[in-house]
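There are 2 protein chains.
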Amino acid sequence: MAAPTPAYPLKGGPQTRWNMEFAGKAEELKPTLHRWPRRPQNVIRFVEDETQYFGIRPSKIMKTMQDFEASLWARKSDFILDFGIHMVGYLSMRLDSHGSHMDAPCRLRLTFGESPFDVTMGMDNVKTWISTSWLPDEIVNIDMCPEILRMPRRHSFRYLRVEIIDMSPKCKLSFSDISCECVSAIGPSDKVDAYAFKNTVLDRIDQVSLMTLRDCMQTVFEDGPRRDKRLWLGDLRLQALANYKSFKDFNLVKRCIYQFAAIVREDDSVPACLFEHPVFTPSDDYIVDYDALFAVVVYDYVEASGDIAIGKELWPTVLGCLKKALSHLDPETGLFDPSRGDDWKFLDWQEDLDRSAGSHGLLLYCLKATNKLALLLGQEPPHEHTAMTMTEAAKALLNDEGLVVSGPNAQISYASAAWLALSGAFPQETARTALLKTLDHPDAIRPLTPYLWHYVCEALADVGCKEECIKVMEGYWGKMIEAGADTFWECFDPENRTNSPYGDVRNNSFCHAWSCTPTYLLRGKLASNVLQDQVPKATTVEELDDSWIAHTSAELEKV
Amino acid sequence: MAAPTPAYPLKGGPQTRWNMEFAGKAEELKPTLHRWPRRPQNVIRFVEDETQYFGIRPSKIMKTMQDFEASLWARKSDFILDFGIHMVGYLSMRLDSHGSHMDAPCRLRLTFGESPFDVTMGMDNVKTWISTSWLPDEIVNIDMCPEILRMPRRHSFRYLRVEIIDMSPKCKLSFSDISCECVSAIGPSDKVDAYAFKNTVLDRIDQVSLMTLRDCMQTVFEDGPRRDKRLWLGDLRLQALANYKSFKDFNLVKRCIYQFAAIVREDDSVPACLFEHPVFTPSDDYIVDYDALFAVVVYDYVEASGDIAIGKELWPTVLGCLKKALSHLDPETGLFDPSRGDDWKFLDWQEDLDRSAGSHGLLLYCLKATNKLALLLGQEPPHEHTAMTMTEAAKALLNDEGLVVSGPNAQISYASAAWLALSGAFPQETARTALLKTLDHPDAIRPLTPYLWHYVCEALADVGCKEECIKVMEGYWGKMIEAGADTFWECFDPENRTNSPYGDVRNNSFCHAWSCTPTYLLRGKLASNVLQDQVPKATTVEELDDSWIAHTSAELEKV
Numbered sequence: 016m017a018a019p020t021p022a023y024p025l026k027g028g029p030q031t032r033w034n035m036e037f038a039g040k041a042e043e044l045k046p047t048l049h050r051w052p053r054r055p056q057n058v059i060r061f062v063e064d065e066t067q068y069f070g071i072r073p074s075k076i077m078k079t080m081q082d083f084e085a086s087l088w089a090r091k092s093d094f095i096l097d098f099g100i101h102m103v104g105y106l107s108m109r110l111d112s113h114g115s116h117m118d119a120p121c122r123l124r125l126t127f128g129e130s131p132f133d134v135t136m137g138m139d140n141v142k143t144w145i146s147t148s149w150l151p152d153e154i155v156n157i158d159m160c161p162e163i164l165r166m167p168r169r170h171s172f173r174y175l176r177v178e179i180i181d182m183s184p185k186c187k188l189s190f191s192d193i194s195c196e197c198v199s200a201i202g203p204s205d206k207v208d209a210y211a212f213k214n215t216v217l218d219r220i221d222q223v224s225l226m227t228l229r230d231c232m233q234t235v236f237e238d239g240p241r242r243d244k245r246l247w248l249g250d251l252r253l254q255a256l257a258n259y260k261s262f263k264d265f266n267l268v269k270r271c272i273y274q275f276a277a278i279v280r281e282d283d284s285v286p287a288c289l290f291e292h293p294v295f296t297p298s299d300d301y302i303v304d305y306d307a308l309f310a311v312v313v314y315d316y317v318e319a320s321g322d323i324a325i326g327k328e329l330w331p332t333v334l335g336c337l338k339k340a341l342s343h344l345d346p347e348t349g350l351f352d353p354s355r356g357d358d359w360k361f362l363d364w365q366e367d368l369d370r371s372a373g374s375h376g377l378l379l380y381c382l383k384a385t386n387k388l389a390l391l392l393g394q395e396p397p398h399e400h401t402a403m404t405m406t407e408a409a410k411a412l413l414n415d416e417g418l419v420v421s422g423p424n425a426q427i428s429y430a431s432a433a434w435l436a437l438s439g440a441f442p443q444e445t446a447r448t449a450l451l452k453t454l455d456h457p458d459a460i461r462p463l464t465p466y467l468w469h470y471v472c473e474a475l476a477d478v479g480c481k482e483e484c485i486k487v488m489e490g491y492w493g494k495m496i497e498a499g500a501d502t503f504w505e506c507f508d509p510e511n512r513t514n515s516p517y518g519d520v521r522n523n524s525f526c527h528a529w530s531c532t533p534t535y536l537l538r539g540k541l542a543s544n545v546l547q548d549q550v551p552k553a554t555t556v557e558e559l560d561d562s563w564i565a566h567t568s569a570e571l572e573k574v
Numbered sequence: 016m017a018a019p020t021p022a023y024p025l026k027g028g029p030q031t032r033w034n035m036e037f038a039g040k041a042e043e044l045k046p047t048l049h050r051w052p053r054r055p056q057n058v059i060r061f062v063e064d065e066t067q068y069f070g071i072r073p074s075k076i077m078k079t080m081q082d083f084e085a086s087l088w089a090r091k092s093d094f095i096l097d098f099g100i101h102m103v104g105y106l107s108m109r110l111d112s113h114g115s116h117m118d119a120p121c122r123l124r125l126t127f128g129e130s131p132f133d134v135t136m137g138m139d140n141v142k143t144w145i146s147t148s149w150l151p152d153e154i155v156n157i158d159m160c161p162e163i164l165r166m167p168r169r170h171s172f173r174y175l176r177v178e179i180i181d182m183s184p185k186c187k188l189s190f191s192d193i194s195c196e197c198v199s200a201i202g203p204s205d206k207v208d209a210y211a212f213k214n215t216v217l218d219r220i221d222q223v224s225l226m227t228l229r230d231c232m233q234t235v236f237e238d239g240p241r242r243d244k245r246l247w248l249g250d251l252r253l254q255a256l257a258n259y260k261s262f263k264d265f266n267l268v269k270r271c272i273y274q275f276a277a278i279v280r281e282d283d284s285v286p287a288c289l290f291e292h293p294v295f296t297p298s299d300d301y302i303v304d305y306d307a308l309f310a311v312v313v314y315d316y317v318e319a320s321g322d323i324a325i326g327k328e329l330w331p332t333v334l335g336c337l338k339k340a341l342s343h344l345d346p347e348t349g350l351f352d353p354s355r356g357d358d359w360k361f362l363d364w365q366e367d368l369d370r371s372a373g374s375h376g377l378l379l380y381c382l383k384a385t386n387k388l389a390l391l392l393g394q395e396p397p398h399e400h401t402a403m404t405m406t407e408a409a410k411a412l413l414n415d416e417g418l419v420v421s422g423p424n425a426q427i428s429y430a431s432a433a434w435l436a437l438s439g440a441f442p443q444e445t446a447r448t449a450l451l452k453t454l455d456h457p458d459a460i461r462p463l464t465p466y467l468w469h470y471v472c473e474a475l476a477d478v479g480c481k482e483e484c485i486k487v488m489e490g491y492w493g494k495m496i497e498a499g500a501d502t503f504w505e506c507f508d509p510e511n512r513t514n515s516p517y518g519d520v521r522n523n524s525f526c527h528a529w530s531c532t533p534t535y536l537l538r539g540k541l542a543s544n545v546l547q548d549q550v551p552k553a554t555t556v557e558e559l560d561d562s563w564i565a566h567t568s569a570e571l572e573k574v
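Below, the structure written as structure tokens:
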């Protein structure tokens with residue numbers, strides 16, 4: 016996610032109460048990134064095809080990459096390379112000039128494409144309320160060839176468009192040794208369990224989840240390697256879950272937990288996000304629901320890792336992180352009232368969403384996780400009473416038809432139904448009915464982001480609707496794959512290919528951690544429904560990558 | 016000058032006959048460049064002022080540079096810094112962010128301005144037939160502050176415009192330690208004679224000539240440090256002359272002479288220009304008049320340095336460089352006939368110029384220099400006879416009114432009259448009349464470039480019109496200074512501020528070696544007319560620079 020500017024106040028708020036011990040522990044857990052090279056697989060162009068999600072499809076224009084390296088490119092020409100897989104890393108290439116001596120500099124625009132739009136729409140006239148400095152193009156000027164061009168900034172891409180904006184008309188360029196030095200906390204030789212799922216769509220959903228997660232796993236769990244490139248608490252929670260079922264990099268989660276614990280604020284709240292550079296610093300972004308989810312992140316971690324010690328160490332932090340959310344409970348109704356504070360309540364980017372009921376469910380869910388954590392740590396559950404009163408209060412959120420309603424207008428939304436189901440406020444039957452009715456309701460406010468879709472899916476699985484859950488996953492994440500996703504996206508509107516929470520699709524992130532959770536559900540709650548065989552095959556990340564590149568190359572051959 | 020594309024054929028022509036001994040000698044003479052820092056002097060904006068050549072004038076917007084370093088700049092803001100003097104070098108600066116944490120990259124456009132237009136017109140929609148990759152702007156993306164930004168490419172500028180294209184709206188930038196590491200073969204502590212001239216205009220013309228020359232003196236005599244950044248033979252000739260009267264860097268001239276002598280072609284012709292990078296290479300540009308002028312370059316050098324040995328060593332090269340021009344002589348008329356070969360005859364960028372008479376004068380001038388060189392070397396002058404027949408033939412170029420005419424349409428031009436005067440084809444009185452009548456003639460084709468204006472001035476001085484020469488210099492180079500020149504320009508049209516041989520003034524070079532010759536004339540042929548005192552004051556280049564910066568700062572205070 017990106018901080019909502021200007022919706023969120025830019026300054027002020029409680030100050031950080033640094034815990035340098037936690038900061039030191041986080042620093043010690045900093046991973047050394049793995050590095051490996053990737054070469055482009057094909058030279059392509061995109062041709063119109065309205066049967067495709069993006070309205071265009073890739074088409075090979077050269078038989079081999081040897082043909083490409085032998086090709087000469089004149090001023091104002093351009094080409095698109097397809098690396099066949101999404102990568103995060105550092106591009107380099109060799110440029111040679113041919114013909115007369117290169118008697119003028121060469122000006123190139125390099126556009127790093129996560130989506131087909133990135134390399135076909137151009138980057139002019141982007142109307143977006145976040146900074147256009149995120150746009151994935153770079154202009155470089157080269158005085159003389161041969162030149163080894165090494166891009167100093169890390170980019171996130173599958174496609175590379177190279178435009179020769181201008182150069183001497185007396186010569187042409189050739190490009191060779193094009194390579195991306197990929198980086199991640201997870202290396203090619205790292206092991207991961209591979210499962211055979213009941214159908215290819217689920218196979219791919221699982222694999223793309225893993226590739227999404229891997230590309231976001233850097234020195235922290237980044238929300239997206241293109242944008243914002245940093246650790247957000249809500250995103251961390253989902254990444255950690257997916258990680259426990261796949262790469263099992265417990266240290267990276269531990270590091271991120273310590274980072275947040277190191278920067279708790281004077282009122283015990285945990286910031287929504289933090290920065291590693293230029294020095295480790297909290298962001299002034301704050302989100303009530305993310306704050307409360309810190310408790311769940313710690314519970315999940317202790318539960319998955321068995322590391323009781325860190326649970327005890329962070330117990331005061333866990334208790335503190337719930338305070339702000341708890342302060343939103345109306346003493347009369349016992350319900351979460353968003354108006355009891357002007358801090359940001361997120362749940363989803365959906366603007367029209369009334370967040371009362373959803374936040375109620377979310378907080379109850381967090382309190383219950385805290386209670387469970389207390390039991391793991393051998394302590395008294397601290398929020399038994401509040402959980403009970405909130406459960407009681409939640410009854411007022413059900414309307415006569417058994418639908419969860421939210422706010423003064425009794426809004427019906429996926430967010431409300433999902434979070435109430437997850438909270439366990441209702442008997443499973445009631446929650447299931449509410450959820451299924453909501454999914455069927457023509458006016459229900461739908462999720463905008465995979466972040467909320469995850470909680471909808473998890474809620475379906477929890478209320479015993481596993482087949483419905485699989486259908487939603489196939490219809491949402493599966494459709495992203497059908498649209499050509501190598502990694503899952505920050506937001507996906509099956510009905511509108513240019514939808515964006517930022518005003519312009521070119522500022523969307525197409526590898527976004529909060530969409531990587533299908534692997535968590537497929538390998539976890541849904542396993543018995545979707546696995547061909549419960550016994551996984553040990554494989555390496557490299558083998559997974561190779562199989563994906565073989566798949567994308569084969570797709571290209573088809574058309 | 017820049018190679019005329021596409022007017023000149025791109026390929027073919029005689030092959031290079033490498034002389035590796037000369038190449039080795041040139042390499043040994045390669046200077047170690049001096050390096051020194053320059054800081055910006057003022058923050059300015061340009062305001063409309065139709066009394067000024069560019070229609071705008073600079074105005075200070077901050078009292079001190081300390082004020083600037085304390086200023087914060089938001090997204091979409093921009094500023095212009097004035098370094099107070101033209102420089103060639105490498106820009107660096109420190110960027111800090113203020114306010115909230117920098118949560119998006121920062122995209123800057125840096126525009127390196129030699130002229131006020133460069134930093135006010137923007138660099139979009141430039142229509143030019145040479146490459147737009149010469150345009151002096153760079154886009155940089157900065158992921159995180161603080162950052163020390165070091166531009167790896169050499170730039171040529173006095174003004175720096177910084178535009179914050181976009182960045183996080185949550186913070187602002189400050190800029191400090193902005194510095195240009197200047198480079199030249201001539202260092203600040205190098206000595207140079209300073210003269211007091213009869214008026215301030217001449218003082219400044221002399222000084223700006225020196226600053227132009229210095230900025231073009233790099234590892235070769237570059238034509239212009241912004242564009243083309245390389246050694247052209249015709250430009251070298253004029254730079255060498257100015258250098259003999261000022262910096263007296265004989266080695267740099269010697270190096271350039273050896274470079275050309277190392278790459279003579281199979282037909283003994285000398286290429287018009289050469290490249291140092293990536294390896295020493297001739298250009299395939301060829302100009303008949305530049306080729307012939309190689310003889311004059313060698314003669315001038317031997318004459319100025321007293322180095323007879325190199326004259327003898329290069330004697331065969333000198334004889335060879337005249338062949339192509341000589342092959343244009345019509346055996347019947349004895350006149351230079353441009354149509355006897357399709358190689359490029361330059362003389363000036365003026366498209367309408369008929370080059371017959373001018374080329375005749377130029378060749379005769381070169382033959383006479385060769386004859387004089389022979390005498391210095393103790394040899395028989397080789398072209399006495401041809402010089403005589405060409406002198407005789409030249410009579411046909413005078414019309415009834417005593418004007419030099421050129422070509423089938425008897426075109427009257429400054430180029431024809433000047434080169435015939437310089438050639439000594441006519442008695443001084445005849446040449447003077449022809450030249451003065453041409454200067455008075457309403458239809459005479461005037462020069463477009465300072466390159467040809469130099470030869471017009473030198474011709475005036477030679478025919479005894481020193482006061483007229485001074486007037487032309489004051490009216491041309493003096494007007495450039497009035498327009499704000501710190502270095503003299505590649506081309507200057509007093510009547511049209513946007514004139515360009517390349518289609519767009521933004522691709523012009525505003526520090527161009529071929530316009531640096533006033534110092535040669537003022538300190539040489541015109542000395543007795545313009546000097547207050549014949550005895551120079553020994554000074555350093557640094558003192559000269561400091562006085563210029565004091566002058567430009569004072570000018571800014573005035574308005």
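Residue numbers (this note's numbering), protein chains in the order written: chain A, 16 to 574; chain B, 16 to 574. Glycine included, each C-beta is placed from N, C-alpha and C at the ideal position.
Which residues mark the beginning and the end of the alpha helix (DSSP H) in which residue i is found?
i: I460(A); result: Neither: I460(A) is in no alpha helix (DSSP H) and is coded neither H nor E.
i: N258(B); result: 248 to 259
i: L96(A); result: First-last for L96(A): 93 to 114, but that is the beta strand (DSSP E), not the alpha helix (DSSP H).
So, does the CB of residue i fall closer than 9 Å to a CB anywhere in chain B?
i: F290(A); result: yes
i: N140(A); result: no
i: M136(A); result: no
i: W88(A); result: no
i: A18(A); result: In this predicted model, A18(A) has a pLDDT of only 40, less than 50, meaning its place in the structure is not dependable; the value taken from the coordinates is given anyway. True, the Cβ-Cβ gap to chain B drops below 9 Å.
i: C121(A); result: yes
Please confirm whether residue i has its beta-carbon closer than 9 Å to some beta-carbon of chain A.
i: S146(B); result: yes
i: H116(B); result: yes
i: K187(B); result: no
i: C160(B); result: yes
i: P533(B); result: no
i: I154(B); result: yes
State the DSSP-derived secondary structure class of residue i, mapped to helix, strand or coil.
i: S562(B); result: helix
i: K269(A); result: helix
i: W529(A); result: helix
If distances are taken between C-alpha atoms only, which option among the options comes closest to residue i?
i: S224(A); options: S191(A), F262(A), P203(A), N214(A); result: F262(A)
Alpha helix (DSSP H) segments (min. 4 residues) lying fully within the segment 176 to 247 of chain A:
Counting only runs of 4 or more, we get 215 to 231.
I'd like the ranges of any alpha helix (DSSP H) spanning at least 4 consecutive residues and lying wholly in the segment 398 to 451 of chain B.
Fully enclosed alpha helix (DSSP H) runs of 4 or longer: 399 to 409, 429 to 438.
Taking only runs of the alpha helix (DSSP H) that begin and end inside the segment 313 to 339 of chain B, which ones reach a length of at least 4 residues, in chain order?
Taking only runs of at least 4 residues, the alpha helix (DSSP H) segments lying wholly in the segment 313 to 339 of chain B are 323 to 328, 330 to 336.
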